[in-house]
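Taking the working numbering, the leading residue of the sequence shown gets 325, the next gets one more, and so forth. Written below as structure tokens is the structure these notes are about.
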Amino acid sequence: MDNGEFRSGDSWPRRVGALLRLIAPHRKALLGATALLLVGTALSLVQPLLAGQVIRDASAGDAIAWSLAALVGAYLLHAVTDTCGLYILERSGESVLLTVRNRLSGHLLRLSIPTLDSLRIGDLISRVTVDPTVIRNVVGSTLVQLLTGAVTLVGTVAVMLCLDWLLFSIVFVTVGIAAAAMLLVMTRIERASTELQESVGALSADIERALAGVRTVKVNNAEGREHERLTELAGEAYRVGVRAARLRALGNPAMHLAVTGSFVVSLVVGGVRVANHQMELSSLVSMMLLAMNLLIPVGDLFNGSVGLQQALGALSRIRSTLELPGEDVEDARRNGVESDGGPVTPTLGAPDRAGAEDFALEFRDVHFSYADRPVLGGVSFSVPARGHIALVGQSGAGKSTVFSLASRFYDPDHGDILLGGRSYTGRPRRAWRSEVSLLEQNAPLLFGSLRDNLTYRQPGLADADLRRATELAGLDDLVARLPHGLDTPVGEHGVLLSGGERQRVALARALIRRPVLLMLDEPTAMLDAETEQALHATIRTVRQECALLVIAHRLSTIREADTVVYLKDGLIVDSGPHDDLVTHNADYQQLIGAKV
325 MDNGEFRSGD SWPRRVGALL RLIAPHRKAL LGATALLLVG TALSLVQPLL
375 AGQVIRDASA GDAIAWSLAA LVGAYLLHAV TDTCGLYILE RSGESVLLTV
425 RNRLSGHLLR LSIPTLDSLR IGDLISRVTV DPTVIRNVVG STLVQLLTGA
475 VTLVGTVAVM LCLDWLLFSI VFVTVGIAAA AMLLVMTRIE RASTELQESV
525 GALSADIERA LAGVRTVKVN NAEGREHERL TELAGEAYRV GVRAARLRAL
575 GNPAMHLAVT GSFVVSLVVG GVRVANHQME LSSLVSMMLL AMNLLIPVGD
625 LFNGSVGLQQ ALGALSRIRS TLELPGEDVE DARRNGVESD GGPVTPTLGA
675 PDRAGAEDFA LEFRDVHFSY ADRPVLGGVS FSVPARGHIA LVGQSGAGKS
725 TVFSLASRFY DPDHGDILLG GRSYTGRPRR AWRSEVSLLE QNAPLLFGSL
775 RDNLTYRQPG LADADLRRAT ELAGLDDLVA RLPHGLDTPV GEHGVLLSGG
825 ERQRVALARA LIRRPVLLML DEPTAMLDAE TEQALHATIR TVRQECALLV
875 IAHRLSTIRE ADTVVYLKDG LIVDSGPHDD LVTHNADYQQ LIGAKV
């Protein structure tokens with residue numbers, strides 16, 4: 325599944341080739357399992373002949389002990405080889421499933437924020453959980469069904485031709501007609517299977533949407549409306565599933581009826597020939613057993629073909645997911661060419677200019693747009709190495725965009741951003757983010773214990789470093805109150821903690837990294853007055869270790885900053901100490917509700 329190996333518009337053999345390359349790492353186990361199943365196939369072909377030999381021995385008055393023992397032994401050995409082969413296949417299928425899921429989940433976590441913003445999370449979850457299962461079925465059954473079915477069919481046909489060509493002709497005509505009907509529906513099964521997987525993905529996406537915002541759903545009494553939406557999507561998945569089932573149903577019963585019909589006709593014709601001494605009874609028994617055996621390979625070929633079409637549909641969705649550009653790919657492109665196609669010079673070593681290392685963060689004439697909507701129109705400011713800068717402005721002024729750019733969730737359209745005096749161009753995002761921390765307004769926590777959340781970036785963090793961060797963030801009282809201290813579960817998204825407690829946990833998690841720059845998105849929004857004052861004291865302590873860039877709305881938070889940067893419509897319209905801005909800028913004074 326290397327890039328470029330598979331496209332949905334490719335020819336059928338090319339797509340099958342891409343599927344085979346996906347499972348190639350497991351070829352040794354697959355070959356071993358196939359060998360065992362082929363031995364079983366050979367034994368299944370021998371069994372009708374041995375049954376005929378038992379009848380011939382009995383008719384001739386000879387002892388049947390050896391021929392009967394050979395027949396029983398063939399059945400038992402067939403069961404053993406099939407069991408071992410199927411187990412190896414199932415285990416290999418699980419290995420393929422693990423490989424694909426690991427690759428998909430790792431790739432999804434490395435997608436860029438703009439790419440993730442354009443996708444539905446629930447559908448991506450479906451691509452990790454559901455689609456690889458279809459690929460797994462190819463290994464567990466489909467390919468072997470096709471191979472052993474074909475070998476069994478050819479072997480059965482060869483033996484039947486040797487025994488009696490007339491009876492074989494009857495079987496061949498009836499089964500051939502059914503096979504032709506089966507081929508007519510095969511081309512439509514892949515498309516129906518892909519539509520089914522897309523419908524399930526859409527349903528998963530809306531379930532994730534409803535459960536993620538379940539509090540909003542409930543407080544707005546919208547359970548019924550959401551249920552109707554999910555019911556509609558489930559109904560669509562049902563309709564697509566029924567359509568796919570109808571296509572599958574057109575082939576399998578036809579094959580069964582053909583084989584059964586040929587068996588009945590062959591039995592009548594063969595019985596008449598035996599009665600007229602034109603055929604031996606033992607040969608008729610062998611032919612009838614072989615005719616019934618045709619049902620197995622023909623069914624295997626049909627089911628294997630259906631499974632293969634379904635797998636190709638799943639592979640198309642998996643490929644489209646893996647082709648989404650990850651951040652490392654974008655970094656590699658930027659290291660080679662800029663967006664306008666011109667070369668760039670990576671800046672990995674010394675700062676861009678003398679004294680630039682005195683600034684933790686610099687924006688130099690930064691322009692940025694979301695699609696065709698301009699957000700920043702040439703923003704320039706700097707955050708000193710131990711400085712405390714507050715971003716102030718109306719909603720939509722560009723404050724959150726500044727944070728997103730400083731976090732390297734996006735890159736600017738024009739201009740430059742420097743961290744510690746070094747440009748973002750040529751710097752991998754992981755290296756950049758190792759020097760910054762972001763405390764979001766809603767302070768999201770992960771399911772697990774308080775310790776899990778605090779040590780999320782550094783699971784093996786020393787107790788002294790953990791204690792330092794909890795003390796700085798004022799978490800000591802909370803840890804003392806919790807029944808299991810740091811090992812107390814916090815619930816999904818931290819719902820077992822209050823908003824202020826989540827804020828402090830997120831702050832401690834950010835401080836553990838000892839960042840060059842700490843960004844705080846309205847850190848006091850969820851805090852009461854007393855906790856807010858305590859957090860301000862914490863911030864004053866923190867600024868001795870790193871630079872602070874704060875999105876601020878509360879006057880108390882703004883006053884703490886050395887410099888206020890006033891944003892309006894994506895431009896910096898003023899900056900300076902809070903008291904100065906209040907004195908000479910009426911718009912700023914009105915924005916924060918301050919009095920001169």
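Even for Gly, the Cβ is constructed at its ideal location relative to N, Cα and C.
Nearest-angstrom Cα separation, counted from residue j out to residue i
i, j, result
"Ser419", "Ser429", "15 Å"
"Ser436", "Leu844", "22 Å"
"Gly798", "Lys723", "27 Å"
"Gly772", "Ser822", "16 Å"
"Val462", "Val340", "11 Å"
"Asp268", "Ser693", "As shown, the chain starts at 325 and ends at 920. That puts residue 268 outside it, with no answer to give."
"Arg833", "Ile863", "14 Å"
"Glu869", "Gly702", "30 Å"
"Gly446", "Ala638", "16 Å"
"Ala910", "Thr887", "17 Å"
"Gly666", "Phe727", "Only weak support exists for where Gly666 lies, its pLDDT of 38 falling under 50; the value from the coordinates is given anyway. Those two C-alpha atoms are separated by around 27 Å."
"Leu373", "Ala398", "11 Å"
"Ser704", "Val454", "47 Å"
"Gly900", "Val889", "7 Å"
"Gly739", "Ala695", "17 Å"
"Glu764", "Arg805", "25 Å"
"His712", "Arg434", "31 Å"
"Val699", "Val690", "10 Å"
"Leu831", "Ala546", "34 Å"
"Lys352", "Arg415", "12 Å"
"Val589", "Thr472", "27 Å"
"His402", "Thr365", "8 Å"
"Arg427", "Asp800", "40 Å"
"Gly917", "Leu796", "31 Å"
"Glu651", "Leu361", "45 Å"
"Val707", "Arg688", "12 Å"
"Asp921", "Asp682", "Residue 921 lies beyond the range of the chain shown here (325 to 920); nothing can be said about it."
"Ala793", "Glu854", "20 Å"
"Ser528", "Tyr734", "28 Å"
"Ser747", "Ala558", "49 Å"
"Arg641", "Asp787", "45 Å"
"Val404", "Asp811", "50 Å"
"Asp903", "Arg549", "50 Å"
Terminal residues of the beta strand (DSSP E) in which residue i lies
i, result
"His908", "Premise fails: His908 lies in the alpha helix (DSSP H), 902-908, not in any beta strand (DSSP E)."
"Glu686", "683-694"
"Thr887", "887-892"
"Gly309", "Not covered by the structure: residue 309. The range shown for the chain is 325 to 920."
"Ala832", "Where Ala832 is concerned, there is no enclosing beta strand (DSSP E), although the alpha helix (DSSP H) it sits in stretches over 823-836."
Start-to-end residues for the alpha helix (DSSP H) that takes in residue i
i, result
"Tyr399", "389-433"
"Ser761", "Note, Ser761: premise wrong, no alpha helix (DSSP H); beta strand (DSSP E) at 760-763."
"Val716", "First-last for Val716: 712-716, but that is the beta strand (DSSP E), not the alpha helix (DSSP H)."
"Ala871", "Unbroken run through Ala871 is the beta strand (DSSP E), 871-875; no alpha helix (DSSP H)."
"Asp381", "351-384"
"Gly446", "445-453"
"Asp488", "Counting along the chain, Asp488 falls outside any alpha helix (DSSP H), and DSSP gives it neither H nor E."
"His883", "In the sequence on display, residue 883 carries Arg and not His. First-last of the alpha helix (DSSP H) with Arg883: 879-883."
"Val803", "800-805"
"Leu440", "437-441"
Rounded Cβ spacing between residue i and residue j (contact assumed at less than 8 Å)
i, j, result
"Thr848", "Arg878", "6 Å"
"Gly818", "Leu769", "3 Å"
"Leu648", "Thr439", "5 Å"
"Ala561", "Leu520", "7 Å"
"Leu614", "Val483", "6 Å"
"Ser631", "Ala684", "According to the sequence displayed, residue 631 carries Gly and not Ser. Not quite, the Cβ-Cβ distance comes to about 57 Å (not below 8 Å), so this is no contact."
"Glu825", "Leu802", "6 Å"
Proximity test, residue i beta-carbon vs the ligand MG heavy atom, cut-off 7 Å
i, result
"Leu844", "Looking for the ligand MG in the displayed structure turns up nothing, as the structure carries no ligands at all."
Subject >> Minimum length 4: unbroken alpha helix (DSSP H) runs contained in the segment 840-865 >> reply: Listed in chain order, there is nothing to give.
Subject >> Ranges of the beta strand (DSSP E) found wholly within the segment 723-796, counting only runs of at least 3 >> reply: DSSP runs (the beta strand (DSSP E)) wholly in the segment 723-796: 738-743, 760-763.
Subject >> Validate contact between the segment 629-636 and the segment 409-427 using beta carbons, cut 8 Å, 3 pairs >> reply: The segment 629-636 is not in contact with the segment 409-427.
**OP:** Determine contact between the segment 594-608 and the segment 378-392, defined as no fewer than three beta-carbon pairs at a distance below 8 Å.
**Re:** yes
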